[in-house]
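Data block below; observations after.
Residue numbers (the UniProt record's numbering): 1 to 148.
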């Protein structure tokens with residue numbers, strides 16, 4: 001798989017916040033190209049990273065940066081994590097506070113969109129074709145390119 005040039009500089013940084021910032025920027029551009037007006041929260045403590053506005057509708061969007069794993073897939077867990085002086089913490093996302101997940105994949109340099117309410121604790125999107133040619137219950141990432 002050929003990676004975009006930007007990938008090399010991100011790998012050199014390898015900082016979680018830098019990756020998150022890149023994911024949000026890529027999401028903003030992709031959403032703009034899909035006809036959304038982009039609104040940015042003034043706080044890092046909101047349960048969403050940005051808000052899209054299109055057709056008199058506001059959409060709260062959580063952005064995730066996910067690389068393709070060794071199986072050719074990306075698994076997104078609907079949880080948030082943070083670290084403080086007491087260690088690392090995780091909690092499940094309140095799906096009533098987020099309308100849409102945007103997954104930015106640096107390997108494809110594309111964004112994928114899904115409604116978290118349609119899934120349980122996680123979802124796996126397949127970027128590469130399954131080696132066993134399985135088709136049943138496979139969610140192909142390319143089918144999630146547009147905002148639902």
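Built from N, CA and C at the ideal position, the CB exists for glycine as well.
Residue i versus residue j - alpha carbon distance
i	j	result
residue 37	residue 26	14 Å
residue 117	residue 16	26 Å
residue 28	residue 120	26 Å
residue 85	residue 61	28 Å
residue 111	residue 42	23 Å
residue 123	residue 55	28 Å
residue 80	residue 73	20 Å
residue 65	residue 125	13 Å
residue 57	residue 44	23 Å
residue 153	residue 139	There is simply no residue 153 to check, as the chain begins at 1 and stops at 148 in what is shown.
residue 146	residue 19	22 Å
residue 218	residue 70	Residue 218 is absent from the model: the chain starts at 1 and stops at 148.
residue 166	residue 87	Lying outside 1 to 148, the shown extent of the chain, residue 166 is not represented and no answer is given.
Supposed contact pair residue j and residue i - C-beta distance, whole angstroms, cut 8 Å
i	j	result
residue 99	residue 59	5 Å
residue 94	residue 47	7 Å
residue 104	residue 23	4 Å
residue 76	residue 101	7 Å
residue 107	residue 67	6 Å
- Task: Jot down the residue ranges of each uninterrupted beta strand (DSSP E) in the UniProt domain "PD(D/E)XK endonuclease" (14-145), minimum 3 residues, whole runs only, in chain order.
- Result: Segments of the beta strand (DSSP E) lying fully in the UniProt domain "PD(D/E)XK endonuclease" (14-145): 37-39, 50-54, 57-65, 73-77, 79-84, 87-92, 100-105, 110-114, 122-126.
- Does the segment 133-145 come within contact of the segment 46-63, defined as at least 3 CB pairs closer than 8 Å? Flag = no, the segment 133-145 and the segment 46-63 do not touch.
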